[in-house]
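Colleague:
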Amino acid sequence: MPFQDLPARLAEVRQRIEAARSRGGRGQSVTIVAVTKTYGAEAPLAAFAAGVKDVGENKVQEAVTKMHDVSAPLRWHLIGHLQRNKVKQLDGFHLVHSIDSPRLADAVASFGVGRKMDVDVLLQANVSGEGTKGGYEPASLEGEAERILQLQGLCVRGVMTMAPFGANEVVLRRVFAGARAAADVLKRAGHPAVELSMGMSGDYEVAVEEGATLVRLGTVLFGARAG
Ligand SMILES: *Cc1c(COP(=O)(O)O)cnc(C)c1O
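With this note's numbering applied, the sequence shown has no gaps in its numbers, which climb one by one up to 252 at the end.
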């Protein structure tokens, strides 16, 4: 059976999340998004069998293929960069974490208007300032929050961020607290920005202490990815 140690891994992760939640004292609930990228349909199936309801993929086409192969009632999250010409493939996604530019926000809003619905999204904030990471500069979010409020077809549910890989705890806390501040900016502008998608296998405990409501976990659940 593939991923046969997933239930045990999940149990340990859940315990660690609970401990971090009580250390952080923010009282938020935390949802695990099991990141199944690079694995076949057996990964989301194993996650569902183990009690996970949310799965994440970083490429839209790979996600759509798996959605078609897996009939379990999972919520599919898009967590990677989305090209504007692929926005029309967003049917069936529960939440798009990776709105990283005004032009992409506009394209997703048009898609939503065409579907007569609001697409639930997070704005990706580049808090660390790393050039290799996409997303909004925190300083640009106030203006963008005002602008997006005028758009139909899009609902901003919060902020996503990625910390620098292998960063020390001081840097992690600065990045995650910066994402929390970014969500506060969105809330003040009037968005229902209660979600904070932050924390991956290497840093989710600190992220939860800092208020994460969604943690995106791949390796710690499924083992190292090939390639
Ligand atoms: C792959 C990926 C993850 C999961 O990474 P792990 O370190 O394996 O937990 C989380 N977020 C994004 C955006 C990813 O692309």
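Positions of the beta carbon are idealized from the N, C-alpha and C atoms, including for glycine. Computed from a predicted model, the values in this text were never measured in an experiment.
From 188, 167, 172 and 135, pick the residue whose C-alpha is nearest to that of residue 158; which is it?
Modeller: Considering only alpha carbons, the answer is 188.
Colleague: Going by DSSP, name the residue or residues bridged to residue 222.
Modeller: According to DSSP, residue 222 bridges with 185 and 239.
Colleague: Please state the DSSP three-state secondary structure of residue 124.
Modeller: Strand, per DSSP.
Colleague: Whose beta carbon lies closer than 5 Å to any heavy atom of ligand 1, going through the chain in order?
Modeller: Selection output, chain order preserved: 60, 83, 104, 225, 226, 241, 242, 243 and 244.
Colleague: Buried or exposed for residue 223, going by 16 or more other Cβ atoms inside 10 Å?
Modeller: Classification of residue 223: buried, given that the 10 Å Cβ count is 16 or more.
Colleague: For residue 102, which three-state DSSP category applies?
Modeller: Residue 102 falls in the strand class under three-state DSSP.
Colleague: Bridge partners for residue 57 per DSSP, in chain order?
Modeller: DSSP output for residue 57 lists 240 as bridge partner(s).
Colleague: According to the Cβ coordinates, are residue 147 and residue 117 closer than 7 Å?
Modeller: Contact: no.
Colleague: Who pairs with residue 149 in a beta bridge, going by DSSP?
Modeller: DSSP lists 185 as partners of residue 149.
Colleague: Spell out a yes or no on whether the region 124-144 and the region 80-89 are touching, meaning 3 or more CB-CB pairs, one atom from each, closer than 8 Å.
Modeller: At 8 Å Cβ cutoff, the stretches do not touch.
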